[in-house]
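Colleague: One structure is given below, represented as structure tokens, and several questions about it will come after.
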Ligand code: HEM
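So, in structure tokens, the structure goes:
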């Protein structure tokens, strides 16, 4: 590394400083600026390297000397309930510890469980669309309509994951609040102290709720993934999940089921309305085309913006030499718009041949565990929507995205049926 600040390293410092402040959250074009400067942009001053290129991120996700970040905080943080809820999540583990946690969850999350959910998802989607259309008509139609985030995008994946886990639907409001707190712990920015206090209170409640539930389920197993997790034993005699591990990974599944697919569904309404010729293409054969459309919408929307990693040894990525201990920020949203892979990357093209090469589900050991479920939910939703309501309207309205480093989604979206 060159110690004297050159114009290039000053520019890298400035760009990464702005990124750290969230410049890309409201202005996604900022990611293009970063990639143009260097798809592996390092700032010694900030101790941070931002990866924005598809090939470079793909290489990083599989590199043996690049590890996932640990969930840590300042002094005293490891005494908090927030830490206890987050730290044992598989997202923050590597190697044998990760394999153990993941294989246990994977065993409970079988293709059979998914297959059994197929009809339920279709029926639920139809019910939610019917109710949304009725609410839209009741609102007088015109410019009013219904907030699709509340009416469809949110309840659909939440109801599915709550049922799969074997939790009680009646706790939905509580799960929502918890889920928002975990989303803030994963990627919230500039949180005020009173928000931190609320997050800590939610984390304490989560611990209490899942501790009691796990004990009950071990004593008396019930249908559902959580019971299977509680009973699961690691392959090779690694022992059962501890209560802390069960809690954290159940919360992870609950939150992943809440926050990501919801953003994909709400974003799909918006993207389809903004691209009428693409909507018409999908409407011509919804069942046959929904699968590729799902891949392209994942590429286009990137519901998980990015994630963090760090280097454990000196290594070269792209053409940049990185020291050990360098913090990496991987922008999946930027990789998914990399013109080296995707022609006309900012255009939605539902028949794009290589749409499935996106990094919306990451890659390598932490590849999304719920990818098959998310794909099933999205293809079902697109098929039912475009079969029943291909002419939905998204009126002119201010669009605001959630301010979160990890997750990307619309706060609300009015749709008229
Ligand atoms: C559109 C929907 C979804 C997207 C875009 C998405 C995206 C992702 C991404 C990018 C990661 C890797 C994070 C990283 O690199 O650090 C991930 C991990 C994970 N996802 Fe998803 N996800 C979705 C839906 C789901 C669902 C529905 C579930 C389960 C109910 C789920 C469960 C998980 C779990 C457990 C992990 C951790 C895997 C590990 O660390 O080994 N996801 N997801």
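In this note's numbering, the protein residues as written are 29 to 445.
Cβ coordinates follow ideal geometry from the N, Cα and C atoms, glycine included.
In this text the structure is predicted, and so the values were computed from the model without any measurement.
1) Can you tell me whether residue 94 is helix, strand or coil according to DSSP?
2) Quick one: complete alpha helix (DSSP H) runs, 4+ long, within the stretch 222-302?
3) Return the Cβ separation of residue 292 and residue 329 in integer angstroms, given the expectation that the two are a contact with Cβ distance under 8 Å.
4) In this structure, how does DSSP classify residue 70 when only helix, strand and coil are distinguished?
5) Taking the beta strand (DSSP E) that residue 344 belongs to, which residues open and close that run?
6) Once you ignore the five residues that flank residue 290 on each side, which residues in its own chain have a CB closer than 6 Å to its CB?
7) Taking the beta strand (DSSP E) that residue 203 falls in, what are its first and last residues?
8) Sort 431, 228, 287, 176 by Cα distance to residue 423 and report the nearest one.
9) Skipping 5 residues on each side, what residues in its chain have a beta carbon closer than 6 Å to that of residue 115?
10) Under the rule that 16 or more other beta-carbon atoms within 10 Å means buried, what is residue 306, buried or exposed?
11) Beta-carbon within less than 8 Å of residue 173's beta-carbon, same chain only, minus the 5 sequence neighbours each way: which residues are those?
12) At which residues does the beta strand (DSSP E) containing residue 349 begin and terminate?
13) When the Cα of residue 284 is compared with those of 204, 246, 272, which residue comes out closest?
14) Do you know whose CA, among 345, 83, 299, 44, lies nearest residue 374's CA?
15) For the ligand HEM, any of its heavy atoms closer than 8 Å to the Cβ of residue 130?
16) Whole alpha helix (DSSP H) runs in the stretch 98-166 with 4 or more residues, listed along the chain?
17) Straight-line CA distance for residue 97 to residue 259?
18) Of all the CB atoms in chain D, is at least one closer than 9 Å to the CB of residue 203?
19) On the CB-based measure, 16 or more other CB atoms within 10 Å of its CB, does residue 390 come out buried or exposed?
20) From which residue to which residue does the beta strand (DSSP E) around residue 334 run?
21) For the structure I just gave you, are there three or more beta carbon pairs, one from the stretch 361-375 and one from the stretch 72-91, closer than 8 Å?
22) List the endpoints of the continuous beta strand (DSSP E) containing residue 52.
23) Cβ-heavy atom distance between residue 364 and the ligand HEM below 8 Å?
24) Does the pairing of the stretch 430-439 with the stretch 206-221 give three or more beta-carbon distances under 8 Å?
25) Can you look up residue 34 in the DSSP assignment and give me helix, strand or coil?
26) Identify, in the order they occur along the chain, each residue of the same chain with its Cβ nearer than 7 Å to the Cβ of residue 379, setting aside the five sequence neighbours on each side.
27) Helix, strand or coil, according to DSSP, for residue 330 in the structure here?
28) When burial is assigned at 16 or more other CB atoms within 10 Å of the CB, is residue 447 buried or exposed?
29) Going by beta-carbon coordinates alone, are residue 119 and residue 394 separated by less than 9 Å?
30) Quick one: does the C-beta of residue 405 sit closer than 8 Å to a heavy atom of the ligand HEM?
31) How far does the alpha helix (DSSP H) with residue 362 in it reach, from first residue to last?
32) Bridge partners of residue 77, per DSSP?
33) With H, G and I counted as helix, E and B as strand and the rest as coil, what does DSSP make of residue 438?
34) For residue 443, list the residues DSSP reports as bridge partners.
35) Is it the case that the stretch 225-244 contacts the stretch 134-147, given that we only count it when at least three CB pairs across the two stretches are under 8 Å?
36) Return yes when the C-beta of residue 182 is under 8 Å from any heavy atom of the ligand HEM, and no when it is not.
Modeller: Result, derived from the coordinates:
1) strand
2) 253-259, 271-302
3) Correct: roughly 6 Å between the Cβ atoms.
4) In this structure, DSSP gives residue 70 an extended state, which the three-state scheme calls strand.
5) 343-345
6) 181, 182, 185
7) Counting along the chain, residue 203 falls outside any beta strand (DSSP E), though it belongs to the alpha helix (DSSP H) covering 200-215.
8) Ranking 431, 228, 287, 176 by CA distance to the CA of residue 423 puts 176 first.
9) 99
10) buried
11) Counting only residues of its own chain and dropping the five nearest sequence neighbours on each side, residue 173 has a CB closer than 8 Å to the CB of 164, 167, 421, 423, 442, 443, 444, 445.
12) 348-350
13) 204
14) The candidate whose alpha carbon is nearest that of residue 374 is 299.
15) yes
16) Within the stretch 98-166, the complete alpha helix (DSSP H) runs of at least 4 residues are 109-114, 123-136, 139-166.
17) 29 Å
18) Note that chain D does not occur in the displayed structure, where there is just one protein chain.
19) buried
20) If you look at residue 334, you'll find it in the beta strand (DSSP E) that goes 334-339.
21) yes
22) Premise fails: residue 52 lies in the alpha helix (DSSP H), 51-54, not in any beta strand (DSSP E).
23) Every heavy atom of the ligand HEM is 8 Å or more from the Cβ of residue 364, so no.
24) yes
25) coil
26) Spatial neighbours of residue 379 in its own chain (CB-CB distance under 7 Å, excluding positions within 5 residues in sequence) are listed in chain order as 309, 320.
27) coil
28) With the chain covering 29 to 445 only, the question about residue 447 has no answer from this structure.
29) yes
30) yes
31) 360-363
32) 70, 356
33) strand
34) 174
35) no
36) no
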